[in-house]
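Participant: The letter at position 27 of the sequence shown is residue 8 when you use this note's numbering, and the numbering goes up by one with no holes. Yeah, the Cβ is synthetic: ideal placement off N, Cα and C, and Gly gets one too. Quick caveat, the model's predicted, so the values are computed rather than measured.
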Amino acid sequence: MNLPPTDRAGAPGGSPHDAADDTALLASILALALPPGADPADAARALLARFGTIGAVFAADPAELASAVAGRLQIRVIVPLLREAAIRLMRARIRQGDLLSCHDALMAYLQASLARDTVEQFRVLFLDRGTRLIADEVLAQGTIDQTPVYPREVMRRAIQLKASELILVHNHPGWNPTPSREDIAMTRRLAQIATVLGLTVRDHVIVGNGASISFRQAGLL
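1) Quick one: is the Cβ of Leu7 within less than 7 Å of any heavy atom of the ligand SAH?
2) Determine whether the beta carbon atoms of Thr34 and Ala96 lie at a separation below 8 Å.
3) Could you round the C-beta distance between Val135 and Leu171 to whole angstroms and report it? I think they count as a contact, below 8 Å.
4) Could you check the C-alpha separation between Leu180 and Arg137 for me, to the nearest Å?
5) For Val177, report the span of its alpha helix (DSSP H) as first-last.
6) Pull the bridge partners of Asn152 from the DSSP assignment, please.
7) According to DSSP, simplified to helix, strand and coil, what is Pro3?
8) According to DSSP, simplified to helix, strand and coil, what is Ser195?
9) Comparing C-alpha positions only, which one of Pro21, Ala199, Arg162, Leu106 sits nearest to Asp79?
10) Are there 16 or more other CB atoms within 10 angstroms of the CB of Glu101, so buried, or fewer, so exposed?
11) Within the continuous beta strand (DSSP E) that includes Ala121, where are the two ends?
12) When the Cα of Arg243 is compared with those of Ala93, Thr176, Leu81, Ser82, which residue comes out closest?
13) May I have the straight-line CA-CA distance separating Ala12 from Ser82, to the nearest angstrom?
14) Straight-line CA distance for Pro132 to Asp3?
15) The beta strand (DSSP E) with Gln102 in it runs from where to where?
16) Per DSSP, Glu146 is paired with what?
17) Going by DSSP in three states, Val135 sits in which element: helix, strand or coil?
18) Whole angstroms is fine: what's the gap from Leu20's alpha carbon to Gly155's?
19) Please name the residue in Leu6, Ala41, Ala40 whose C-alpha comes closest to that of Arg26.
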């Protein structure tokens, strides 16, 4: 199956407003680490021009980041701190309202959170009836290419949290986020079980190192 991955960390063709927001957010993070007199907005624009989105910036290799802002930032030392700060800020951003209306921000958050993990993990975003985020939880971790998923545990947790909708997420360590047959079958099985319980699986996002795929956008769900 040859599916077109979502470009870099989000949906193609983000709005100018989103780009301005990303520049401001990244600049606020970089300001914590830049030397006096340096322009954090200039450094933010340089990184976004190189990597495309804020999610891709924080999923990038530290050596690549260093080359994009050479001489202005000790990126190798502080990148783990910057990445954690960025993930927390992006998580706060997607908690502000209807999650389905901020798809680009969600994809950037997932890319930054998961793209550099070396083992597979399966997590679920639990949403209320207004598609606002209740919780983002890791429900399973596995090996480099396999994670066991137990539908009963997913549904039990959804009921405990009084969730109405679910967004499934897992990563493919490496670059290729193309779903396997097992990924597709597992997603459809979970969606069927959810429907019986009055829940909705709204999407399944697979994150690779540099690209992501949304089942909903790809017509797989």
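Facilitator: In short, the structure shows the following:
1) The ligand SAH is absent from the structure shown, which contains no ligands of any kind.
2) No.
3) So it is a contact: roughly 6 Å between Cβ atoms.
4) Each residue's alpha carbon lies about 12 Å from the other.
5) Its alpha helix (DSSP H) spans residues 162 to 177.
6) The secondary-structure analysis by DSSP pairs Asn152 across a beta bridge with Val188.
7) In the sequence as displayed, the identity of residue 3 is Asp instead of Pro. The three-state secondary structure of Asp3, taken from DSSP, is helix.
8) Strand, per DSSP.
9) Looking at the Cα atoms, Leu106 is the closest of the given residues.
10) Under the 10 Å beta carbon count, Glu101 is surrounded by 16 or more other beta carbons and is classified as buried.
11) Looking at the DSSP string, the run of the beta strand (DSSP E) that includes Ala121 is 114 to 122.
12) In this structure the chain extends from -18 to 202, so residue 243 is not present and cannot be described.
13) Their backbone Cα atoms lie some 29 Å apart in a straight line.
14) Those two C-alpha atoms are separated by around 36 Å.
15) Secondary structure note for Gln102: its beta strand (DSSP E) is the uninterrupted segment 102 to 108.
16) Partner residues in the beta bridge of Glu146, as assigned by DSSP, are Leu108, Thr181.
17) DSSP places Val135 in helix when its eight states are reduced to three.
18) The question names Leu, yet the displayed sequence has Asp at residue 20. One C-alpha to the other measures close to 33 Å.
19) The candidate whose alpha carbon is nearest that of Arg26 is Leu6.
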